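Quick notes on the structure that follows.
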Amino acid sequence: MTDNRLGIKIITLLYGVILTITVIGFFLLASFHILDVRFWVSLATIVLAETCVWSLAGWGALRAEQFKKTVPAFMGLAVVAVLYQALTILYAVVLWLVIAVPASLYIWIQLITFGAVFVIGGLLIWFMQTERGIDKEERLQMLGIQEIRSILSESNLQLKGWQEPYRSELKQLLTNLEENVRFSDPVTHPDIWQEEEQLMHEVRRLQEQMMQSQMQDEHKATQQVQNVKALFDSVQTVLQQRNRKLITVKS
Numbered sequence: 002m003t004d005n006r007l008g009i010k011i012i013t014l015l016y017g018v019i020l021t022i023t024v025i026g027f028f029l030l031a032s033f034h035i036l037d038v039r040f041w042v043s044l045a046t047i048v049l050a051e052t053c054v055w056s057l058a059g060w061g062a063l064r065a066e067q068f069k070k071t072v073p074a075f076m077g078l079a080v081v082a083v084l085y086q087a088l089t090i091l092y093a094v095v096l097w098l099v100i101a102v103p104a105s106l107y108i109w110i111q112l113i114t115f116g117a118v119f120v121i122g123g124l125l126i127w128f129m130q131t132e133r134g135i136d137k138e139e140r141l142q143m144l145g146i147q148e149i150r151s152i153l154s155e156s157n158l159q160l161k162g163w164q165e166p167y168r169s170e171l172k173q174l175l176t177n178l179e180e181n182v183r184f185s186d187p188v189t190h191p192d193i194w195q196e197e198e199q200l201m202h203e204v205r206r207l208q209e210q211m212m213q214s215q216m217q218d219e220h221k222a223t224q225q226v227q228n229v230k231a232l233f234d235s236v237q238t239v240l241q242q243r244n245r246k247l248i249t250v251k252s
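According to our numbering, the residues represented by the sequence shown are 2 to 252, in order.
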């Protein structure tokens, strides 16, 4: 955060210096050229282009994490902003100072250029927002599998309260289930919400059984382990159904 703030301060300082130089340079030109509409249009467009360029630089420094996720679109915006900056300077030098095109034509050229930049920039920003929206949706969709992994990790800790040979049996079953979960597609789909709910329900039931203390009576302990094994089988079955349906709806 400190580095970000330092970057913002440096960018703001550079922007202020360049803006001051631009304004002073224009008003020095005023002693050689008539202050007509082309003067003000040139000054306004160059200042606008500089503001776009340095605003993007500031956004990149302030939103470093978002910048990393949207580098292609951000670089596209930066290229558009720099090109617009170059065109405004070129128009001012060539069309205003050298050729001295009529004011109405000069204004139309500037408006058309700004319109093109606005449309292209708007499309790039829309693309960035769409990418961030998709990324956020995928993160939300991945919460189900992530929660299941977390529950299974907690269940692994509960095995310490079980005695042999039951602990080894349950450990193997849990390892197999964790393996299958790890290789399952974490990004779900709205069409399989029923399977997701059922899977989560079965996993929570399994967790509840694993959290219970092992019965001291041999017969009851054996029955308890059989119930846990049945839940493992149920979770594996639902997980397989979920994965098969997910492949189908995504294909």
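Each residue gets a CB set at the ideal place from its N, CA and C atoms; glycine is no exception. In this text, all values refer to a predicted model and were calculated from it rather than measured experimentally.
Going by Cα to Cα distance, which pick from the options is closest to residue i?
i           : options            : result
residue 13  : 59, 94, 193        : 59
residue 26  : 79, 202, 93, 147   : 93
residue 183 : 192, 206, 229, 150 : 150
residue 244 : 101, 194, 227      : 194
residue 53  : 97, 43, 122, 157   : 122
residue 236 : 203, 18, 252       : 203
residue 147 : 115, 106, 116, 185 : 185
residue 175 : 208, 198, 165      : 208
residue 89  : 80, 77, 110, 106   : 110
residue 57  : 115, 212, 83       : 83
residue 296 : 75, 165, 117       : Nothing can be reported for residue 296, as the shown portion of the chain is limited to 2 through 252.
residue 77  : 126, 114, 30       : 126
residue 21  : 47, 9, 39, 95      : 47
residue 1   : 226, 23, 38        : In the structure as shown, the chain starts at 2 and stops at 252, and residue 1 therefore has no counterpart that could be examined.
Please state whether DSSP places residue i in a helix, a strand or coil.
i           : result
residue 36  : coil
residue 165 : coil
residue 141 : Residue placement at residue 141 cannot be trusted, given a pLDDT of 48 that sits under 50; what the coordinates show is reported in the next sentence. The answer is helix: DSSP assigns residue 141 an H, G or I state.
residue 185 : coil
residue 236 : helix
residue 119 : helix
residue 151 : helix
residue 56  : helix
residue 31  : coil
residue 156 : helix
residue 43  : helix
My assumption, with CB atoms under 8 Å, is that residue i sits in contact with residue j. Please give the rounded CB distance.
i           : j           : result
residue 261 : residue 178 : Because residue 261 is not part of the residues shown, which for the chain are 2 to 252, the question remains open.
residue 206 : residue 232 : 6 Å
residue 210 : residue 228 : 6 Å
residue 43  : residue 97  : 6 Å
residue 16  : residue 41  : With 8 Å as the limit, residue 16 and residue 41 do not qualify as a contact, their Cβ atoms being about 21 Å apart.
residue 250 : residue 192 : 5 Å
At least one CB of chain D closer than 8 Å to the CB of residue i: is that the case?
i          : result
residue 42 : Looking for chain D here will not work: only one protein chain is present.
Requested in this report: Return the chain-ordered ranges of every beta strand (DSSP E) run that is complete within the stretch 77-106 and spans a minimum of 3 residues.
Outcome: none
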